[in-house]
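Notes follow once the structure below has been shown.
Protein chains: 2
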Amino acid sequence: MAFAEVFTALADPTRRHIFEALRDQPKSVGQLAADQPVTRPAVSQHLKVLEFARLVSVQPQGNRRFYSIKRDGLDELRQYLDSFWSDALSAYGAEIARRMKNK
Amino acid sequence: MAFAEVFTALADPTRRHIFEALRDQPKSVGQLAADQPVTRPAVSQHLKVLEFARLVSVQPQGNRRFYSIKRDGLDELRQYLDSFWSDALSAYGAEIARRMKNK
DNA sequence: GCCTTCCGTAAGCCATGACTTACCAATATG
DNA sequence: CATATTGGTAAGTCATGGCTTACGGAAGGC
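If you read the protein sequences in the order shown, they are chains A and B.
Each residue of the first sequence is one higher than the one before, starting from 1 at the first, in our numbering.
Each residue of the second sequence is one higher than the one before, starting from 1001 at the first, in our numbering.
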């Protein structure tokens, strides 16, 4: 049930913004907070949740802590998603669609 | 930003249970509530959220309303997820991993 | 060594949201 | 018809969680 934390983490808009801000490069907490409408401690708390969901990882560098995207959480989410893509479900969906049309 | 509602919908455990209970066949509200630790009105409210997220659809049948899984919401989620699977990100991830090792 | 920068944690506030009971409308059943 | 099923909605309660300010500790610069 590892995907649970991923859903929780990405359900919050601010947390998604932070996560997406890391798409192209690692950033320090201060850098991340600068682009957010919330204070730095709030960003810190969000990063904690994202880290717990295995969506980001930290790399301390002197004074600062650089966060970057980690694929583990995304992998788990994708795995969950894939389990709904079975042929059985597709066939079932088509059947429903057919019934709806014939109403 | 259609995926936002999907994240919100699937972030709640009860809502995920309801959603997953529809994997193999459509079910009425009463049927769904019977397998949940919450009351029927609660299930109704959850179904409303799931429907808004385009994760389920309704098909009234006489007295009852049969809910079934709808792929739209899942498609949107998958699309969002895929946007993080670019080669650029993979390359970047590998680079980070390399740096971490050389620490 | 002293002050600044960077950031995590604690404590408290407040809105949101997940639940309940109570109610009502619509369809089924006798 | 009268009563029972089925299920959506309203209203109210309560816990959770997202935010703030305040603080402390660790590394950088003079």
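Think of the CB as a built atom: it goes at the ideal place given N, C-alpha and C, for glycine as much as any other residue.
Does residue i come out as helix, strand or coil in the three-state DSSP assignment?
i	result
R1054/B	coil
Q59/A	strand
E1095/B	Note that E1095/B has pLDDT 49, beneath the 50 cutoff, so the model's placement of it is unreliable and the number below is only indicative. Helix, per DSSP.
K1101/B	Annotation note: pLDDT 42 at K1101/B (below 50); position unreliable, no value reported.
Pull up the CB-CB distance for residue i and residue j, whole angstroms please, since I reckon it's below 8 Å.
i	j	result
E1076/B	V1006/B	6 Å
A21/A	R15/A	Contact doesn't hold; Cβ gap of about 11 Å is too wide.
F3/A	L1074/B	In fact, because the Cβ distance is near 13 Å, the residues do not count as touching under 8 Å.
A11/A	A1011/B	4 Å
Where do the N-terminal and C-terminal ends of the alpha helix (DSSP H) with residue i fall, by residue?
i	result
R1023/B	Counting along the chain, R1023/B falls outside any alpha helix (DSSP H), and DSSP gives it neither H nor E.
F1084/B	No alpha helix (DSSP H) contains F1084/B, which DSSP labels as neither H nor E.
V1006/B	1003-1011
Relative to the C-alpha of residue i, which residue among the options is closest?
i	options	result
S68/A	D24/A, M1/A, D35/A	D24/A
K48/A	R65/A, R78/A, L81/A	R65/A
A53/A	H17/A, D72/A, P26/A	D72/A
K27/A	L81/A, Q45/A, V58/A, Q79/A	V58/A
P37/A	N63/A, P13/A, L55/A	P13/A
Q45/A	N63/A, M1/A, F19/A	F19/A
V1056/B	K1070/B, G1062/B, N1063/B	K1070/B
H17/A	M1001/B, P1060/B, G1062/B, T1039/B	M1001/B
Would you check whether the ligand NAD has a heavy atom nearer than 7 Å to the C-beta of residue i?
i	result
V38/A	The ligand NAD is not part of the structure shown, which contains no ligands of any sort.
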